[in-house]
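Using my numbering, read the sequence shown as starting at 199 and increasing by one per residue. Each remark here refers to the structure printed beneath this line.
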Amino acid sequence: MDPRRLLRLSTAGLVTAVLLVSGCSSGDEPGGASPTSGAPTELTKYYGQKIDWRGCDVPGFQCATLRAPLDYDKPDGAEIELAVARKKATGPGKRLGSLQVNPGGPGGSAIDYLHGYAGIGYPAPVRARYDMVAIDPRGVARSEPVECLTGEEMDAYTQVDQTPDDAAETARLAASFRKLAEGCGKRAAETLPHVSTVEAARDMDIFRSALGDPKLAYVGASYGTFLGATYAELFPTRVGRLVLDGAMDPSLPAVEMNRDQTAGFDTAFTAFAEDCVTHPDCPLGTVSADDASARMRSFFDTLDTAPVPAGDPRELGESLATFGVINAMYDESGWPGLRESLSSAMEGDGSGLLALADSYYEREDDGSYTNLMYANAAVNCLDLPPAFTTPAEVERAVPSFEEASPVFGRTLAWASLNCAYWPTEPTGTPHRIEAKGAPPILVVGTTRDPATPYKWARSLADQLASGVLLTYDGDGHTAYGRGSDCVDTAINTYLLEATPPKPGKRC
199 MDPRRLLRLS TAGLVTAVLL VSGCSSGDEP GGASPTSGAP TELTKYYGQK IDWRGCDVPG
259 FQCATLRAPL DYDKPDGAEI ELAVARKKAT GPGKRLGSLQ VNPGGPGGSA IDYLHGYAGI
319 GYPAPVRARY DMVAIDPRGV ARSEPVECLT GEEMDAYTQV DQTPDDAAET ARLAASFRKL
379 AEGCGKRAAE TLPHVSTVEA ARDMDIFRSA LGDPKLAYVG ASYGTFLGAT YAELFPTRVG
439 RLVLDGAMDP SLPAVEMNRD QTAGFDTAFT AFAEDCVTHP DCPLGTVSAD DASARMRSFF
499 DTLDTAPVPA GDPRELGESL ATFGVINAMY DESGWPGLRE SLSSAMEGDG SGLLALADSY
559 YEREDDGSYT NLMYANAAVN CLDLPPAFTT PAEVERAVPS FEEASPVFGR TLAWASLNCA
619 YWPTEPTGTP HRIEAKGAPP ILVVGTTRDP ATPYKWARSL ADQLASGVLL TYDGDGHTAY
679 GRGSDCVDTA INTYLLEATP PKPGKRC
């Protein structure tokens, strides 16, 4: 998994035996509470599980499955199996327990993130002292994944015009959202009502207990911050050291969240444009960022009526091009490649932008897709009431989205219609999370983050009774492990010594 692409637009779209833990767990520390302390009686069989670790396909890691109730309101009913993985602490130094990680999404595989990044790329002092562990949230990747469409159907879905110009195009877009919703409802009928963030957070607590940890140590990125904050709200006295990097604001309704995110991508695009115009090969000109933004919008308009070849049966139209550009906004290291891909597309070769779009949607070389986008929609549409319920509502909101981003606004306004046709009713509502009684929780915000705008981090840190804000003045999505010694040192010190940075710390 590419750690740069941790949060998807909310508009997109496992049996147990004996637990063998090396060294001591955090439960062995003086005064440590029992890992099962406070567990509801009706969930005892889940909290008392022992994990049967086995080798993974990836050397150096172990994998297993964990049981949880499919419906927490019916703990004696059907069960769901959740995939878990770990990489044991490498030493030296006393082991501090387990550090759960989640890359966001919703829909991102925490196990892929552990295998591909966290388990090998997190700072060595952290990996030395913690077992690095991950659980794929219910409905995601290896944990009874939500499935909705075939590869061919998903290809068609991603190519539908998301800036409709007339009633016929609006009807086609609405029909594509209905087809996705109906596909999910048909192929994932049992699981779909039970993939909320609250349920995923409750699964994390069962995992914590099975690992033998009396407190949760956790690093969540992007949507993973909402998952972590939700855990803190449910289990404030079981919070250990929580890092919420690239924070979401749980108090926002879906329409406001989507509009804020649209503005975040515009901030990132402006940063890209300001850099692009300093290069003589900038395909958007060398005059100014405003001029580059106008040229980008003009090119999208051209692709709306005249797609270009992409070395694939699919052509590069406006929708795929837009999400290809959005994908490159997650990290400034992608800017040179975006300049090259834009230049080629403007000369009639859309293959570069198509590859970026395919990466965003996690389309495989064989034309299949991971379940990222299906899980993304399933979780988002359960967690919050829909941003819009009718195309007419979108039309009225388009101007405000275009004000937030002249480049991406219209596309992202219409993409916000996807939950309108969802087959399950939402179970969550926007609300402030305070988590009173929790120890200091570290919230990290990046000033020009495209996917989780900086103001969200400020808001979450303010909501949390024990929130401490760490600010990274920079570009890209999230901050930990992305090259800032200042950020990494502050987070490492918190994880290793339970000492958060001073309030107002900036890097």
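Where is the CB? At the ideal position from N, CA and C, for every residue including glycine. Only a predicted model underlies this, so the values are computations on that prediction, with no experimental measurement involved.
Quiz item: Apart from the five residues just before and just after residue 699, which ones in its own chain have a Cβ nearer than 6 Å to its Cβ?
Solution: By 1-based counting over the sequence shown, the position of residue 699 is 501. 668 and 688.
Quiz item: Does the separation of the CB atoms of residue 677 and residue 443 fall below 7 Å?
Solution: As a position in the sequence shown, residue 677 is number 479, starting the count at 1. As a position in the sequence shown, residue 443 is number 245, starting the count at 1. Residue 443 sits close to residue 677, with the two beta carbons spaced by under 7 Å.
Quiz item: Taking DSSP as the reference, what is the three-state secondary structure of residue 223?
Solution: Reading the sequence shown from its first residue, position 25 is the one you call residue 223. With a pLDDT of 32 at residue 223, under the threshold of 50, the modelled position of this residue cannot be trusted, and the question is left open.
Self-check item: Best match in 362, 346, 605 and 694 for proximity to residue 290 [C-alpha to C-alpha]
Solution: Counting from one through the sequence shown, the residue named residue 290 turns up at place 92. Per the Cα distances, 694.
Quiz item: Counting only runs that start and end within the stretch 456–505, where is the alpha helix (DSSP H) found for 4 or more residues in a row?
Solution: Entirely contained in the stretch 456–505, the alpha helix (DSSP H) runs reaching 4 residues are, in chain order, 487–503.
Exercise. Kindly indicate which residue of 447, 501 and 300 has the alpha-carbon position closest to the one of residue 660.
Key: The residue given as residue 660 occupies position 462 in the sequence shown. That would be 447, whose Cα lies nearest to the Cα of residue 660.
Practice problem: Give every residue of the same chain whose Cβ lies closer than 8 Å to the Cβ of residue 701, excluding the five residues on either side of it in the sequence, and list them in chain order. | Solution: By one-based count along the sequence shown, residue 701 stands at place 503. Result list for residue 701: 666 and 667, in chain order.
Self-check item: Assigned secondary structure, residue 443 (DSSP; H/G/I helix, E/B strand, else coil)
Solution: To locate residue 443, count along the sequence shown from 1; it is residue 245. For residue 443, the secondary structure class from DSSP, reduced to helix, strand or coil, is strand.
Quiz item: Hey, residue 295 and residue 328 are a contact pair by Cβ (cut 8 Å); roughly how many whole angstroms apart?
Solution: Here residue 295 corresponds to residue number 97 of the sequence shown, with the count starting at 1. Here residue 328 corresponds to residue number 130 of the sequence shown, with the count starting at 1. Right, the Cβ-Cβ distance comes to about 6 Å (below 8 Å), so this counts as a contact.
Quiz item: Taking the alpha-carbon positions, what's the residue 474 to residue 270 distance?
Solution: In the sequence shown, counting from the first residue as 1, residue 474 sits at position 276. In the sequence shown, counting from the first residue as 1, residue 270 sits at position 72. Rounded to the nearest angstrom, the two C-alpha atoms are 51 Å apart.
Self-check item: Separation of residue 583 from residue 594, as counted between CA atoms
Solution: The count along the sequence shown starts at 1 and reaches residue 594 at position 396. The count along the sequence shown starts at 1 and reaches residue 583 at position 385. Residue 594 and residue 583: Cα-Cα distance of roughly 18 Å.
Exercise. Decide if residue 366 is buried, meaning its Cβ has at least 16 other Cβ atoms within 10 Å, or exposed.
Key: As a position in the sequence shown, residue 366 is number 168, starting the count at 1. Burial call: exposed.
Quiz item: If you run the structure through DSSP and keep just helix, strand and coil, what is residue 285?
Solution: Taking the first residue of the sequence shown as 1, we reach residue 285 at position 87. For residue 285, the three-state secondary structure derived from DSSP is strand.
Practice problem: Following the continuous alpha helix (DSSP H) through residue 692, name the residue where it begins and the one where it ends. | Solution: Counting from one through the sequence shown, the residue named residue 692 turns up at place 494. Here the alpha helix (DSSP H) through residue 692 covers 683–695.
Exercise. With a cut-off of 8 Å on the beta carbons, I'd call residue 401 and residue 266 a contact; round off their distance for me.
Key: To locate residue 401, count along the sequence shown from 1; it is residue 203. To locate residue 266, count along the sequence shown from 1; it is residue 68. Yes, they are in contact, since the Cβ atoms of residue 401 and residue 266 sit about 5 Å apart, within 8 Å.
Quiz item: With burial defined as no fewer than 16 other Cβ atoms inside 10 Å of the residue's Cβ, what is the status of residue 485: buried or exposed?
Solution: Looking up residue 485 in the sequence shown gives position 287. Exposed is the call here.
Quiz item: Name the DSSP beta bridge partners of residue 277, please?
Solution: Taking the first residue of the sequence shown as 1, we reach residue 277 at position 79. BP columns for residue 277 point to 267.
Exercise. Take residue 358 as the anchor and find which of 393, 638, 373 and 570 has the nearest alpha-carbon.
Key: Within the sequence shown, numbered from 1, the residue matching residue 358 stands at position 160. Closest by C-alpha distance to residue 358, out of 393, 638, 373 and 570, is 373.
Quiz item: What residue range is occupied by the uninterrupted beta strand (DSSP E) comprising residue 330?
Solution: Your numbering for residue 330 matches position 132 in the sequence shown. Element bounds for residue 330: 328–333.
Quiz item: Under the three-state reduction of DSSP, which class applies to residue 655: helix, strand or coil?
Solution: Counted from its first residue, the sequence shown places residue 655 at position 457. Reduced to three states, the DSSP call for residue 655 is helix.
Quiz item: The alpha helix (DSSP H) with residue 522 in it runs from where to where?
Solution: Numbered from its first residue, the sequence shown carries residue 522 at position 324. It spans 516–526 - the alpha helix (DSSP H) in which residue 522 sits, taken as one unbroken run.
Quiz item: How big is the Cα-Cα spacing for residue 691 and residue 541?
Solution: Numbered from its first residue, the sequence shown carries residue 691 at position 493. Numbered from its first residue, the sequence shown carries residue 541 at position 343. C-alpha separation (whole angstroms): 44 Å.
Quiz item: Between which two residues does the beta strand (DSSP E) containing residue 298 stretch?
Solution: Counting from 1 along the sequence shown, the entry for residue 298 is found at position 100. That run of the beta strand (DSSP E) goes 295–300.
Self-check item: Close beta carbons around residue 598, own chain, < 7 Å, minus the five adjacent residues each side
Solution: Here the question's residue 598 lines up with position 400 in the sequence shown. Excluding positions up to five away in sequence, the list reads 457.
Quiz prompt | Residue environment, residue 286, which counts as buried when at least 16 other CB atoms sit within 10 Å | solution = Translated into the one-based positions of the sequence shown, residue 286 becomes position 88. Buried: at least 16 other Cβ atoms inside 10 Å.
Quiz item: Would residue 502 pass as a contact of residue 516 if the rule is Cβ separation under 7 Å?
Solution: To locate residue 502, count along the sequence shown from 1; it is residue 304. To locate residue 516, count along the sequence shown from 1; it is residue 318. In this structure, residue 502 places its C-beta atom within 7 Å of the C-beta atom of residue 516.
Practice problem: Reducing DSSP to helix, strand and coil, say where residue 229 ends up. | Solution: Here residue 229 corresponds to residue number 31 of the sequence shown, with the count starting at 1. Reliability of the predicted coordinates at residue 229 is poor, the pLDDT of 36 falling under 50, and the value obtained from them is presented with this limitation in mind. Residue 229: coil per DSSP, three-state reduction.
Practice problem: Indicate the three-state DSSP secondary structure (helix, strand or coil) for residue 618 in the structure shown. | Solution: The sequence position of residue 618 within the sequence shown is 420, counting from 1. The answer is helix: DSSP assigns residue 618 an H, G or I state.
Quiz item: Where residue 227 and residue 429 are concerned, what is the direct C-alpha to C-alpha distance, given to the nearest angstrom?
Solution: Translated into positions along the sequence shown, residue 227 becomes position 29. Translated into positions along the sequence shown, residue 429 becomes position 231. Summary for residue 227: the model assigns pLDDT 35, below 50, so the residue's position carries little reliability, and this model does not support an answer.
Quiz item: Around the Cβ of residue 588, are there at least 16 other Cβ atoms within 10 angstroms (buried) or fewer (exposed)?
Solution: Taking the first residue of the sequence shown as position 1, residue 588 is located at position 390. Its Cβ having fewer than 16 others within 10 Å, residue 588 is exposed.
Quiz item: Hey, is the stretch 608–622 in contact with the stretch 464–472, meaning 3+ C-beta pairs nearer than 8 Å?
Solution: Verdict: no, contact absent.
Self-check item: Status (buried if at least 16 other CB within 10 Å, exposed otherwise) for residue 413
Solution: Taking the first residue of the sequence shown as 1, we reach residue 413 at position 215. Flag for residue 413 reads buried.
Quiz item: Between which two residues does the beta strand (DSSP E) carrying residue 626 extend?
Solution: Taking the first residue of the sequence shown as position 1, residue 626 is located at position 428. Looking at the DSSP string, residue 626 is not in any beta strand (DSSP E), and its letter there is neither H nor E.
Practice problem: Answer with buried or exposed for residue 203, where buried requires no fewer than 16 other C-beta atoms within 10 angstroms of its C-beta. | Solution: Here the question's residue 203 lines up with position 5 in the sequence shown. Reliability of the predicted coordinates at residue 203 is poor, the pLDDT of 43 falling under 50, and the value obtained from them is presented with this limitation in mind. Classified as buried, residue 203 has 16 or more neighbouring CB atoms from the shown chains inside 10 Å of its CB.
Self-check item: Segment contact, 8 Å Cβ cut-off, at least three pairs: the stretch 374–390 with the stretch 336–348
Solution: Short answer: they touch.
Quiz prompt | Residue burial classification, residue 454 (beta-carbon count within 10 angstroms, cutoff 16) | solution = On the sequence shown, residue 454 is found 256 positions in, with the first residue counted as 1. By the Cβ-count criterion, residue 454 is exposed, with fewer than 16 other Cβ atoms from all chains shown falling within 10 Å of its own Cβ.
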